[in-house]
Every structure is written in structure tokens, then in C-alpha cells.
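Here is the structure we will look at.
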Amino acid sequence: MNIVLIGYMGSGKSLLGSGLSSSLKLNYLDLDDYIENQEKKSISKIFKDQGEIYFRKKESLYLKEVLESHQNTIISLGGGTPCFAGNIEIITNKETVKSVYLQTSLEELTKRLFTERDKRPLIAHLETLDQLKDFIRKHLFERSFYYNQADYKVTTDQKNVAQIVEECKVALF
Ligand code: S3P
């Protein structure tokens, strides 16, 4: 069995993924890190040099590769992974995969992402908090269709990592 964590940028997928993996004594894999290792480039550089379409093709290929080659692993996806190339169907149709959507509010995402936006190619160009908030509002609305197909949903606002880990465990087992 693999557990896949889905959610918008800044929803805490990586932090939660490693927390959940130590709590459940399972392996942990971050799909963004896996892509960077395979491509020997940062995500930002891939977007810059080869563009988003190239990135999405590789992301889908590596998602399939990881789901085939790993067991008993918590896998954090990128924020866009479920929204392209039929990836959400791959995730939901696999009997050996359970998926959790980490749902974070627009306000919280805006606050968290504003200071970290330069590491994320899709939002690096946004200059003010209001611009970022407007972007996330629309983007999250479009992406929620995919995120909501996850097997379970756990909200993250006003909760610490330990609380969210516990809620994920209750949902999953
Ligand atoms: C993306 C999210 C990023 C990364 C890439 C694209 C997205 O991952 O995969 O920058 O489309 O939302 P995180 O959600 O881990 O930041």
C-alpha cells in the first residue's frame, strides 16, 4: 500500500509526509525531489529551460514510475500533479493507493506562500499579497475539482503537524 498526499502549494504536503512516515514507520518520498534527482535540475530550472509542458510530461511519467516501484511509502505530490495528464485517475484507480487531500484555506495559503514564492515558478512573478491571493483563489477553484477526488480530506488550518498526522491516521485506518 502507498499513501499519496495531495494539496495546493504550501498546504504542508512535505512536512506532513515526513511526519506521517515516521509515525507510521513507512518510507517517505517527495515527488518534486524525485523529479529533481532524475532530471538533475531544480523544478524552477526545468520550468525555465524546458517549460511547463515538458515538466508536466515528466511529472506524470515519474508519478507512474514511483507508484509501480514503491510499496509502503508515503508520497507527497506537487500541487499540480493531480490536475494534469489523467494523473488523478491513475491515483484513484489503483487499489494499492490511498489518497489524502490536505485542504488549507485561501488566507493561510496566501500568508505562507508570499515569502516562499520565488521558489515556485507559477507564482514567482506575483508582487503583492493581493495579486497572490487573487491568483490562488482562481487557481484553487480550478484545482479543487481534482483535489476533491482524493479518498480522504483533512483540513489543516489552526492545527499543528502532530494533530494533522493523527487526523490522517484516523482517516486512513
Ligand atoms: C506546482 C507545485 C510545486 C511543483 C511545481 C508546480 C504546481 O510543488 O511541483 O512548482 O503546479 O502547483 P509543491 O506543491 O510541492 O510546491
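Going left to right, the sequence shown walks through residues -13 to 159 as this note's numbering numbers them. Beta carbons are placed, not taken as given, at the ideal position from N, Cα and C, and that holds for glycine. Remember, predicted model here, so these are calculated numbers, not experimental data.
DSSP-derived helix/strand/coil call for residue i
i: leucine 108; result: coil
i: aspartate 35; result: helix
i: tyrosine 138; result: strand
i: tyrosine 20; result: helix
i: leucine 115; result: helix
i: serine 130; result: helix
Minimum C-alpha distance to residue i - residue among the options
i: phenylalanine 159; options: Lys84, Leu49, Ile21; result: Lys84
i: asparagine 58; options: Leu12, Thr141, Ser30; result: Leu12
i: leucine 108; options: Lys(-1), Leu17, Ile21, Gly37; result: Gly37
i: phenylalanine 70; options: Lys80, Lys44, Ile60; result: Lys44
i: isoleucine 61; options: Phe127, Gly(-7), Ala157; result: Gly(-7)
Per-residue burial, residue i [other beta carbons within 10 Å of its own, 16 or more giving buried]
i: arginine 123; result: exposed
i: glycine 64; result: buried
i: glutamine 24; result: exposed
i: methionine -13; result: exposed
Boundaries of the alpha helix (DSSP H) in which residue i is found, first to last residue
i: tyrosine 40; result: 38 to 55
i: leucine 6; result: -1 to 10
i: threonine 67; result: Note, threonine 67: premise wrong, no alpha helix (DSSP H); not H, not E.
i: leucine -9; result: Here leucine -9 belongs to no alpha helix (DSSP H); instead the beta strand (DSSP E) covers -12 to -8.
Bounding residues of the beta strand (DSSP E) (the contiguous stretch that carries residue i)
i: tyrosine 87; result: 83 to 89
i: asparagine 79; result: Not the beta strand (DSSP E): asparagine 79 falls in the alpha helix (DSSP H), residues 73 to 79.
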